[in-house]
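Reading through the structure tokens given below for one structure.
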Amino acid sequence: MDKNTIIGFVLMIVVVLAFSWFTQPSQEEIAYQRQYNDSIAAVEAKAAMEAQLWQQQADSMANLSLAGDSLQADSVERARLISEFGAFAPVAKGEEEIVTIENDVLALEFSTRGGYLRRAMLKDYKNYDSTNVVLFEGSDNSYGFLFKTGARVIDTRTLYFTPTISEADNSVNMGLTLADGATWNMRYTLPEGSYRLQMEIEQKGMEKVIPANAVTLDMYWDMKMRRQEKGRMFEERNSALYYKYTGDDVENLSTTGNDDKYATTSLKWIGYKDQFFSTVFIADNNFNEASFTSEVLENDPTYLKELHTETLIDYSPDQTAVGNFSIFLGPNDYKLFRSYDKGADKADKLDLDRMIPLGWPLFRWINTLIIINVFDLLGQITSNYGLIILLLTIFIKLILFPFTFKSYQSQAKMRVLQPQLKAINEKYPDPADAMKKQNAVMELYSRAGVNPMGGCLPLLLQMPILVAMFSFFPSSIELRGESFLWAKDLSSYDAIVEWDTYIPLVTPYFGNHISLFCLLMTITNILYTKVTMSQTGQESMPGMKITMYLMPVMFMIFFNNYAAGLSYYYFLSLLITIIQTYLFRKLIDEKKVLAQLEANAKKPRKKSGFMARLEEAQRKQEAALREQRRQNAKRRK
1 MDKNTIIGFV
11 LMIVVVLAFS
21 WFTQPSQEEI
31 AYQRQYNDSI
41 AAVEAKAAME
51 AQLWQQQADS
61 MANLSLAGDS
71 LQADSVERAR
81 LISEFGAFAP
91 VAKGEEEIVT
101 IENDVLALEF
111 STRGGYLRRA
121 MLKDYKNYDS
131 TNVVLFEGSD
141 NSYGFLFKTG
151 ARVIDTRTLY
161 FTPTISEADN
171 SVNMGLTLAD
181 GATWNMRYTL
191 PEGSYRLQME
201 IEQKGMEKVI
211 PANAVTLDMY
221 WDMKMRRQEK
231 GRMFEERNSA
241 LYYKYTGDDV
251 ENLSTTGNDD
261 KYATTSLKWI
271 GYKDQFFSTV
281 FIADNNFNEA
291 SFTSEVLEND
301 PTYLKELHTE
311 TLIDYSPDQT
321 AVGNFSIFLG
331 PNDYKLFRSY
341 DKGADKADKL
351 DLDRMIPLGW
361 PLFRWINTLI
371 IINVFDLLGQ
381 ITSNYGLIIL
391 LLTIFIKLIL
401 FPFTFKSYQS
411 QAKMRVLQPQ
421 LKAINEKYPD
431 PADAMKKQNA
441 VMELYSRAGV
451 NPMGGCLPLL
461 LQMPILVAMF
471 SFFPSSIELR
481 GESFLWAKDL
491 SSYDAIVEWD
501 TYIPLVTPYF
511 GNHISLFCLL
521 MTITNILYTK
531 VTMSQTGQES
541 MPGMKITMYL
551 MPVMFMIFFN
561 NYAAGLSYYY
571 FLSLLITIIQ
581 TYLFRKLIDE
591 KKVLAQLEAN
601 AKKPRKKSGF
611 MARLEEAQRK
621 QEAALREQRR
631 QNAKRRK
């Protein structure tokens, strides 16, 4: 660094130091600046404090305003509730709670909004997805009572109840306390092992609310009936609203279409029944009268029907006890229903079993006295219902065996007489000689000692049983969910082929499936028809042949949607009959039968009463035909 540069740096430093010394503030100026800064800070702090106080006051005023608005809104809402509900205003607003009680067969849920039963689940019965059967849930089921006070109609379903659960007797009490201290309580009790929920209604001080001249209380019950089974068409046909007149008959609304009815006399119970389960309101002191409506929900995939009931019960505002009811929630079990009437007088019987469609009086008698008892007895031997149906079929065949054997003997006699019958047909080919041919045939039967109606007796005896089975199997709760071989549920169809496409004229009547047991029944029925026609010599009759073979096909169309257990029974019955026929043919020597008939023809034989009456009827018919021909000939002249 040269000399000039050093001198320059020194001069710069001197200038800077001199400037700093001459421009520094005096002590008075420093004190004044400090005082000024302190004043500014104080003003800013005061302004901040005032702003904070102002904000607090503003917040306080806002809160007071909101509180005032809230109080005003509460006052408006309270006034509205009092105007709309009167003494019921304190229980017209609240939060819904769900309360549960259960026993070993039922799990029930109650809602505090309305104090009603909102869900019922059966523990011993399953759906196809292995979940428990739920009879109804939520809005599916609704019932309530209507209080008429002044110009108001108060529905208990709109009120909020206070629940009280008692584990001692497995009960829940749903209570209302009104503005003037009046109370209304519905107590539900579920005994262990029972499908009947007890319902007791009591009140206190209601004369302050309800007019003293009130003598009845309105009650309503609505339900959307759930689908529970695989086949909708058949389940729908077996679902309906039922009701029983006090000490009298059980009636029901239409099972197939929309319907409504009005009952003007007292009723013991009102029931909503599907194919295998029911919900029934049973009154200890009867319902006074009722109106019913039923609507089929055709396009609803979840529900079958919508049912509605409006009824009345006796009521007095100043009495504590309002009424006692029981609500049945369970299976349509014949034995269970009958147990409720054990020891009861005829006038007091519930007759809940009348909801089970077991057929007309004769067929119902066969089912209740024979089939059901034998079915239960066989159930003690095995739990496999496929085997039970097999044993039941064999049992029935053994009972009918003597008559079946007698029938086959008669058919054998008719068969060995075929050559002689053919000769008579050839002798009288002219239709004008029909009476002569018929007389000749009857004379042949008379000489041979053959009763042409002898083969009909087993059929006449078997028909009531077959028809009774037609009602029994689709109604048997025991078969529901029971599998056998390929059939997963003997109470429904056993589809081996299914399709989704809707086919006109096929889907509505046949369904979108083919049931294997129904197919086997049809094949066996065709074989049985062939065997029967060969036995009776009808194979040469073309018209009869077409009709006989058409019947099994018609049966297949009809039974394809029915219970697999029913088709299985008919299949077994026909198969055993075919086997019996072949065995009888081996056991009976037709040459000996013919020899016996020829011997009978040579003996002097007194005509039976039946043959005598038949011949007399033929003579009268022939005389009438001759008279008719004479009159016709006279007119032509």
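In this text, residue positions in the sequence shown follow our numbering: the first is 1, and each later residue adds one. Where is the CB? At the ideal position from N, CA and C, for every residue including glycine.
- 4-residue-minimum alpha helix (DSSP H) runs that sit fully inside the region 358-446, ordered along the chain: Those alpha helix (DSSP H) runs which fall completely within the region 358-446 and span 4+ residues are 361-366, 372-379, 385-416, 418-427.
- For the beta strand (DSSP E) containing Glu96, list its first residue and its last residue. Element bounds for Glu96: n/a, residue is neither H nor E.
- For Val133, the nearest candidate out of Ser339, Lys436, Ser278, Leu400 (CA to CA): Ser278
- Query: What are the partner residues of Leu329, as DSSP defines its beta bridges?
  - Reply: Beta-bridge pairing links Leu329 to Thr279.
- In the DSSP assignment, find the beta strand (DSSP E) that holds Gln198 and state where it starts and stops. 196-204
- Query: Which first and last residues belong to the alpha helix (DSSP H) in which Leu336 is found?
  - Reply: Note, Leu336: alpha helix (DSSP H), 334-339.
- Message: Going by the DSSP bridge assignment, what does Asn141 pair with across the sheet?
- Response: Under DSSP, the beta-bridge partners assigned to Asn141 are Met223.
- Message: Quick check on Ser383: buried or exposed, where buried means 16 or more other Cβ atoms within 10 Å of its Cβ?
- Response: exposed
- Item | Residue from Val497, Asn512, Ile496, Asn288 with nearest C-alpha to Ile503 | Asn512
- Query: For Thr311 versus Phe287, is the C-beta distance shorter than 8 Å?
  - Reply: yes
- Take every Cβ of the region 330-337, pair it with every Cβ of the region 109-116, and state whether three or more of those distances are shorter than 8 Å. no
- Task: Return helix, strand or coil for Phe136, following the three-state DSSP convention.
- Result: Phe136 falls in the strand class under three-state DSSP.
- Tell whether a beta-carbon distance below 8 Å holds between Phe510 and Ile557. yes
- Task: Given a cut-off of 8 Å, decide if Thr216 and Asp314 are closer than it, judged by their beta-carbon atoms.
- Result: yes
- Message: Please report the distance separating the alpha-carbon of Arg119 from that of Lys126.
- Response: Here the alpha carbon of Arg119 sits roughly 16 Å from the alpha carbon of Lys126.
- Message: Using the Cβ count rule (16 or more neighbours within 10 Å means buried), how would you classify Val43?
- Response: Low local confidence applies: a pLDDT of 36 at Val43 is under 50, so the model's placement there is unreliable, with the coordinate-based value given in what follows. With fewer than 16 Cβ atoms within 10 Å of its Cβ, Val43 is classed as exposed.
- Message: I'd like the span of the alpha helix (DSSP H) that includes Lys586, first residue to last.
- Response: 564-587
- Task: Can you tell me which of the three DSSP states Lys305 falls into?
- Result: strand
- Query: Where does Ala214 fall in DSSP's three states?
  - Reply: coil
- Query: Under 8 Å, do Lys244 and Phe292 count as touching if we go by C-beta distance?
  - Reply: no
- Supposed close pair Ile210, Pro317 - CB separation, criterion 8 Å: 4 Å
- Message: Only counting the same chain, and skipping five residues up and downstream in sequence, which positions put a Cβ closer than 6 Å to that of Glu50?
- Response: Note on Glu50: pLDDT 42, under 50, position unreliable in the model; the coordinate value appears next. So no residue of the chain qualifies.
- Query: Taking C-beta to C-beta, are Ser254 and Pro357 nearer than 8 Å?
  - Reply: Between Ser254 and Pro357, the CB-CB gap reaches or exceeds 8 Å.
- Item | Proximity of Asp494 and Ser475 at Cβ, strictly below 8 Å | no
- Query: From what residue to what residue does the beta strand (DSSP E) around Lys118 run?
  - Reply: Reading the sequence as shown, one finds Arg at residue 118 and not Lys. First-last of the beta strand (DSSP E) with Arg118: 116-126.
- Contact between the region 343-351 and the region 372-382: three or more CB pairs below 8 Å? Because the criterion of three Cβ pairs below 8 Å is not met, the region 343-351 and the region 372-382 do not touch.
- Query: When the Cα atoms are used, what is the spatial distance from Gly68 to Arg78?
  - Reply: Caution is warranted here: a pLDDT of 49 is assigned to Gly68, below 50, making its placement in the model unreliable, and no coordinate value can be reported.
- Is Gly86 helix, strand or coil when you go by DSSP? helix
- Message: Among the candidates Leu178, Val531, Met355, whose CA atom is the shortest distance from the CA of Leu81?
- Response: Leu178
- Item | Every unbroken beta strand (DSSP E) inside the region 494-532 [3 residues or more] | 495-498, 513-515
- Taking Cβ to Cβ, would you say Asn367 is nearer than 8 Å to Ala468? yes
- Query: In whole angstroms, what separates the C-alpha of Glu235 from that of Thr100?
  - Reply: 30 Å
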